[in-house]
């Protein structure tokens, strides 16, 4: 079988060792490790264009809509392009774990308070409104309690109350806020980082889906 047949995706199912994703992955690994017996320069000329076509060059602006930390954006951007969503999500997770607390605060500054409608236009605003859909039809009493809770939280910790709101009701988020008010600063920082990571991960998945 000629080289063109080997690298043409229609000949092989996605789970085949000769599928385009597998070829691209193995080419990258082999070239990096210098595996014996393979002419990687030749393979790169044959497979490279297919690999490039299947990879995603995510822009910094798109990444910033997922997490507003400049450090996080740079870390994820450095590893572009991405062959699949799993790779992008792993990069996002690693970048999140490496953030300093000032980096986290920079990201928090882009998030509206829970119970408040995000201002402006654009992808990030639309996502934020969708994520907080659970507050749209909440009782006035619950919204008032959220507003009071937000103020108490900010007074205690010095930043907005952040929770991954996707799929949660206003009542549930209010209950979580009250529980977290009892945390000390160190424990709360760990929770905030975890919630920020969840939000960024969900948004990366949305971003990838939009490009399909």
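Residue numbers (this note's numbering): 51 to 262.
Ideal Cβ placement from N, Cα and C applies to all residues, glycine included.
For residue i, count neighbouring Cβ atoms within 10 angstroms of its own Cβ and tell me buried if that reaches 16, exposed if not.
i	result
residue 191	exposed
residue 245	buried
residue 122	buried
residue 235	exposed
residue 108	buried
residue 218	buried
residue 208	exposed
residue 114	buried
residue 187	exposed
residue 172	exposed
residue 144	exposed
residue 242	buried
residue 153	buried
residue 261	exposed
residue 201	exposed
To the nearest angstrom, report how far apart residue i and residue j are at their CA atoms.
i	j	result
residue 34	residue 198	Lying before the first or after the last residue shown, residue 34 is absent from the chain, which here runs from 51 to 262.
residue 119	residue 137	20 Å
residue 125	residue 147	11 Å
residue 165	residue 182	7 Å
residue 169	residue 179	9 Å
residue 141	residue 185	31 Å
residue 231	residue 224	11 Å
residue 177	residue 117	12 Å
residue 259	residue 167	25 Å
residue 158	residue 256	20 Å
residue 222	residue 127	35 Å
residue 130	residue 254	14 Å
residue 264	residue 155	Residue numbering for the chain in the displayed model covers 51 to 262; residue 264 lies beyond these limits and cannot be assessed.
residue 111	residue 174	10 Å
residue 139	residue 194	36 Å
If you follow the alpha helix (DSSP H) that residue i is part of, which residue opens it and which one closes it?
i	result
residue 174	173–181
residue 210	Run containing residue 210: none; DSSP gives neither H nor E here.
residue 252	235–260
residue 162	Per DSSP, residue 162 belongs to no alpha helix (DSSP H) and is neither H nor E.
residue 225	220–230
residue 153	151–158
residue 119	It is not in any alpha helix (DSSP H) - residue 119 carries neither H nor E in the DSSP assignment.
Does any residue of chain B bring its CB to less than 8 Å from the CB of residue i?
i	result
residue 131	The structure shown contains no chain B, having only a single protein chain.
Considering only heavy atoms of the ligand SAH, does any lie closer than 7 Å to the CB of residue i?
i	result
residue 108	The ligand SAH is not part of this structure, which contains no ligands at all.
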